[in-house]
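If you count the sequence shown from 1, position 296 lands on 1253 in the working numbering, and the numbers rise without skipping. Note that the Cβ used here is the ideal one computed from N, Cα and C, for glycine as well. Here the structure is a predicted model, which means the values were calculated and not measured. Written below as structure tokens is the structure these notes are about.
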Amino acid sequence: MKLLRNWWLLVLFVTLFHWSRSVSAQDAKLGKITISYPAISASQAVLWIAKETGMFRKSGLDVDLIYVSGGPRAMAGLLSGQLQIIGTGGNALVAANLQGARDAVLIATTYNTLIFYLMTQAELKEPKDLKGKTLGVSGHGSLTDFTARYLLKRWGLKADQDVAIRALGGLPEVLAAMKSGVVDGGVLSPPGNLQAQALGFREFADAGSAGLEYAQTGYATMKPFIRQRRDTVAAFVRALTEAIHYFKTNKQSSLNIIQQYTRVQDPKILEETYRVYALRYLPKAPYATANGVKTILESLIENQPGVKTAKPEEFIDASFVQELDKMGWIERIYR
958 MKLLRNWWLL VLFVTLFHWS RSVSAQDAKL GKITISYPAI SASQAVLWIA KETGMFRKSG
1018 LDVDLIYVSG GPRAMAGLLS GQLQIIGTGG NALVAANLQG ARDAVLIATT YNTLIFYLMT
1078 QAELKEPKDL KGKTLGVSGH GSLTDFTARY LLKRWGLKAD QDVAIRALGG LPEVLAAMKS
1138 GVVDGGVLSP PGNLQAQALG FREFADAGSA GLEYAQTGYA TMKPFIRQRR DTVAAFVRAL
1198 TEAIHYFKTN KQSSLNIIQQ YTRVQDPKIL EETYRVYALR YLPKAPYATA NGVKTILESL
1258 IENQPGVKTA KPEEFIDASF VQELDKMGWI ERIYR
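Structure follows, in structure tokens:
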């Protein structure tokens, strides 16, 4: 954690100067922005749908959508101004904010619980069986890393001591490492967990079943960007919310887009992916919640200065979703 903290401080001081210069005159119009998504997972389907169906363009946005693996890397891009809005786990945003990036805020959340599965070799059946084993995650400080550590702590196991945690770069890399035997298990989200199951791995734990409120899949930007281009951020949240409706009501088209990005072809895997991400966990109104951030703060008490005095509301700007909700726009699109 000390290494991660020092890395964040380095990123912060190196990039703050660049932030003030990041919005060029050419890009200062309503629409030109770069948005990142942190994982090749159906948790990012709403962003993909907004892009592929033209919802961003319909809202007046010219979006360059790029893959940046893991929340910490995306946060670095946001702080530098190279990215204007990022898809990120709330843990990466909260950690960066506590370490000095006070202007970073969540503007929406599509999944407010841990939709991850710990998949392991079939012979590993109880927590005690994990001792001396290695689990794969996408990156240190990532949401998969948090999930692994959260589960191990619940079982009375110490991460990095009883069980090794290995950062592999992304969810496809985690699955590949499991398949090749480099790790004994890994934290995956649909469809990766279902692909692992098809390869003979077992579902060791479903983190989502714990019912923990946690800002898993959020969207963040910087307060200066909101001040400079509020209409752009409002247009993004509107397109995102419209894409949620599309995901829930246009199954086959949505699955085609998920196939395009994940390369998954198995109909059974796609069907379960849709059930989990479109129907089970996805809210109509993508509010970032104080309780979802509170859980993150509580998990950081031992390692982050300033956690005890931090208020969850300081990390959220819910005004964009509130505006859509209060005017009845969200309700109307479901009629």
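If you drop the 5 nearest sequence neighbours on each side, which residues of the same chain put their C-beta closer than 7 angstroms to that of residue i?
i       : result
ALA1275 : TYR1244, ALA1245
ILE1183 : VAL1190, ASP1274
ALA1192 : LEU987, SER1016, GLY1017, LEU1018
VAL1250 : GLY1047, VAL1051, ALA1172, PRO1269, PHE1272, ILE1273
Can you tell me whether residue i is buried or exposed? The criterion is at least 16 other CB atoms within 10 Å of its CB, across all chains shown.
i       : result
THR1045 : buried
TRP1291 : Position check: residue 1291 holds Tyr in this sequence, whereas Trp was assumed. That one is exposed.
ASP1141 : buried
ASN1150 : buried
ASP1021 : exposed
MET1179 : buried
GLN1261 : buried
MET921  : With the chain covering 958 to 1292 only, the question about residue 921 has no answer from this structure.
GLY1096 : buried
Identify, in the order they occur along the chain, each residue of the same chain with its Cβ nearer than 6 angstroms to the Cβ of residue i, setting aside the five sequence neighbours on each side.
i       : result
SER1099 : GLY1027, GLY1028
LYS1352 : Only positions 958 to 1292 of the chain appear in this structure, which leaves residue 1352 out of reach.
MET1032 : ALA1049, ALA1053
LEU1109 : ALA1116, VAL1120
GLY1093 : ARG1123, LEU1125, VAL1131, ALA1134, VAL1140, GLY1143
PHE1103 : ASN1048
THR1091 : ALA1121, ARG1123, VAL1140, ASP1141
LEU1040 : THR991, SER993, GLY1034
Which one of the options has the shortest CA to CA distance from residue i?
i       : options                            : result
ASP1117 : GLU1080, GLY1126, LEU1087, LEU1128 : LEU1087
GLY1165 : ALA1267, HIS1097, ARG1237          : ARG1237
ARG1195 : TYR994, TYR1024, GLY1011           : GLY1011
ALA1313 : GLU1270, ALA1247, ILE1201          : Lying outside 958 to 1292, the shown extent of the chain, residue 1313 is not represented and no answer is given.
ASP1223 : ALA1134, PRO1147, PRO995           : PRO1147
ALA996  : VAL1144, GLU1083, GLY1157, LYS1208 : VAL1144
ARG1232 : LYS1208, LYS1241, ASP1188, GLN1217 : LYS1208
LEU1257 : THR1077, GLN1041, GLY1047, ILE1006 : GLY1047
SER1210 : LYS989, VAL1003, GLY1285           : VAL1003
LYS1241 : PRO1262, GLU1199, ILE1215          : GLU1199
GLU1083 : LEU1156, ASP1060, PHE1161          : PHE1161
GLY1168 : LYS1136, TYR1218, ARG1186, ASN1248 : ASN1248
VAL1264 : PRO1181, LEU1055, ASP1060          : LEU1055
GLU1229 : GLN1154, LEU1081, ASP1060, ALA1079 : GLN1154
ILE1043 : GLY1057, ALA1058, LEU1063          : LEU1063
From the DSSP output, which residues share a beta bridge with residue i?
i       : result
LEU1075 : VAL1144, ALA1162
LEU1092 : ILE1122, GLY1142
THR1174 : TYR1068
SER1000 : DSSP, once it has assigned bridges, lists no residue as partnering SER1000.
GLY1044 : TYR1176
TYR1024 : TYR994
LYS989  : ASP1019
VAL1293 : Because residue 1293 is not part of the residues shown, which for the chain are 958 to 1292, the question remains open.
LEU1063 : ALA1177, ILE1273
ALA1116 : VAL1120
Is the CB of residue i under 7 angstroms away from at least one CB in chain B?
i       : result
HIS1202 : Of the protein chains in the structure, only one exists, and it is not chain B.
Does the region 1126-1135 touch the region 1106-1117, meaning 3 or more C-beta pairs lie closer than 8 angstroms?
No: the two stretches stay apart, fewer than three of their Cβ pairs being nearer than 8 angstroms.
So, does the region 1057-1073 touch the region 1169-1189, judging by three or more C-beta pairs under 8 angstroms?
yes
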